[in-house]
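Peer 1: Oh and the sequence shown: position 53 is 53 in UniProt numbering, straight run, nothing missing. Structure incoming, see below.
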Amino acid sequence: MPLVEKRYAQALLELSFADITNVRQEFLQFVEIFNSDKDFRDFLLDPTVKLDKKQGLIREVFTGRLSKNMLNFILVLIAKQRINELPGIFRQFVYLADSKANVLDMKVITFAALEEGQLNSLKEKFGKIYKASAVKITEIVDPSIIGGIKVVIGDKVYDGSIKGRIESLTELVNI
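What follows is the structure, encoded as structure tokens:
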């Protein structure tokens, strides 16, 4: 996690602590526009376009559509030439907001898609273990794990996959 992204995300989080949900939604919408509209993104990233033109466009288009704090945040990113960091700053903002709200973010990797009941069971069990107020699951289907399940939470990995067991046995045999 680059320090610049984290610092800007932390600043926005502190600025918008009273209304994180709305700021998060506004930020997501702006990032989606930034990512999907190549002309808009290229305009904001173009070093030959003057700062006042970039900020003028943002003010013209987004005043009334974004909160004052969000609008000013975008203008600061443009002024500090950090608008290219926008997607990473958004990811950091979501991560920090979820951490503050005690939301557990986990990746579940399986050979085949799990049923809803199985996902709910995982949410419940890991939610209790981590004392989380809510659990977000990203399900990833990866046939290379052969079978079983692998759960990733932050930097912690719970590997119950057949591939993981084979690799462990291989390491044991090669010692």
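Don't be surprised by glycine CBs; every beta carbon is placed ideally from N, CA and C. As the structure is a computational prediction, the values presented were derived from the model and not from experiment.
Between residue 43 and residue 49, which are expected to be in contact by the criterion C-beta below 8 Å, what is the C-beta distance as a whole number of angstroms?
Peer 2: With a contact defined as Cβ atoms closer than 8 Å, residue 43 and residue 49 qualify at about 6 Å.
Peer 1: Count the other CB atoms within 10 Å of the CB of residue 92; is the residue buried (16 or more) or exposed (fewer)?
Peer 2: buried
Peer 1: Among residues of its own chain, excluding the 5 on either side of residue 131, which ones have a beta-carbon nearer than 8 Å to its beta-carbon?
Peer 2: 102
Peer 1: Can you name, in chain order, every residue of its own chain whose Cβ lies under 6 Å from the Cβ of residue 83, other than the five neighbours on each side?
Peer 2: 44 and 77
Peer 1: On the three-state DSSP scale, how would you describe residue 148?
Peer 2: Reduced to three states, the DSSP call for residue 148 is strand.
Peer 1: Between the C-alpha atoms of residue 143 and residue 157, what's the straight-line distance to the nearest angstrom?
Peer 2: 18 Å
Peer 1: Which class does residue 154 belong to by DSSP, given the choice of helix, strand or coil?
Peer 2: Looking at residue 154 - three-state DSSP - the assignment turns out to be coil, as it is neither helix nor strand.
Peer 1: Could you tell me the alpha carbon to alpha carbon distance between residue 10 and residue 97, rounded to whole angstroms?
Peer 2: 9 Å
Peer 1: For residue 127, which residues of its own chain have a beta-carbon under 7 Å away from its beta-carbon, when the five flanking residues on both sides are left out?
Peer 2: Contacts found: 104 and 135.
Peer 1: Between 159, 152, 35 and 16, which lies nearest to residue 146 when the distance is taken from Cα to Cα?
Peer 2: For the options 159, 152, 35 and 16, the alpha carbon positioned closest to that of residue 146 is the one of 159.
Peer 1: Do residue 153 and residue 106 have their beta-carbon atoms positioned less than 8 Å apart in this structure?
Peer 2: yes
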